[in-house]
Ligand SMILES: [Zn+2]
Ligand SMILES: [Zn+2]
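Residue numbers (my numbering): 887 to 1129.
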């Protein structure tokens, strides 16, 4: 069920089945007349996400773009359903993953061979299903006003090569993708394009942000006071991860 996080930011919780389904976030002050989606979800979850947008009073025709925190299956699986319902929506992805999507290389989407064969047998996925147009390739460091709310793009490689976070300075709010979660967890770093050393550095970047509100793509969100939790998560994992 869609929930308001603060004025102009909503959370649509993922509905995990036998595979995880990423959360979707929606950004934009209603008066601004434009909305941005962050991530989509697993295959077959598009109808649910679209229903929740409708329930939240977010008109699809005012959705201007989808920003992907990264392109794993549980985030991008239902992108095509959303684009079918809203063909004019732009897709923004970090440049290091955009090129894979554009040329139809789905190794990042699946993460490894075992997942790929498991998922291909579970769902009938046609060849080229994840090939998509990318309208804007992000690099990290961009500052955007998204429907009246400011965000900085932070490149956080490690969980995947083009993972990003979106940070709002005013609320010290971080949409962290799969890089860091609540309650001491971080994203896995063994899939295709992952890099433990990079992840360690990315966690260091997160520790410097002074995060108060943590909005990850799985599990619970932390509406305020996330600072100590983030610090101890980073410290704990930096000690465990090799370079
Ligand atoms: Zn992921
Ligand atoms: Zn995920």
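Cβ coordinates follow ideal geometry from the N, Cα and C atoms, glycine included.
Practice task
Rounded to whole angstroms, what's the CA-CA distance from residue 1056 to residue 912? Just pull it up for me.
Solution key: 17 Å
Problem - Reduced DSSP category for residue 934 - H, G, I as helix; E, B as strand; rest coil - result: helix
Practice task
Return the first residue and the last residue of the beta strand (DSSP E) that residue 1026 is part of.
Solution key: Taken as a continuous stretch (DSSP letters only), residue 1026 belongs to no beta strand (DSSP E), as it is neither H nor E.
Handout entry: residue 1081 versus residue 1074: straight-line alpha-carbon distance, rounded
Key = 10 Å
Practice task
Determine, using beta carbons only, whether residue 1049 and residue 1060 come nearer to each other than 8 Å.
Solution key: no
Handout entry: Chain-ordered list of residues that sit, by beta carbon, closer than 6 Å to a heavy atom of ligand 2
Key = 906, 908, 958, 960, 961, 1064, 1103 and 1104
Handout entry: DSSP bridge partner residues for residue 951 (one or two, in chain order)
Key = 922 and 976
Practice task
Please work out which residues of its chain come closer than 6 Å, Cβ to Cβ, to residue 1052, disregarding the five sequence neighbours upstream and downstream, and give them in chain order.
Solution key: 1037 and 1061
Exercise for the section: Specify the secondary structure class of residue 1119 as computed by DSSP and reduced to three states. Expected result: helix
Problem - Whole-angstrom distance between residue 960 and residue 905, CA atom to CA atom - result: 8 Å
Practice task
List the endpoints of the continuous beta strand (DSSP E) containing residue 1047.
Solution key: From DSSP, residue 1047 is part of no beta strand (DSSP E); its letter is neither H nor E.
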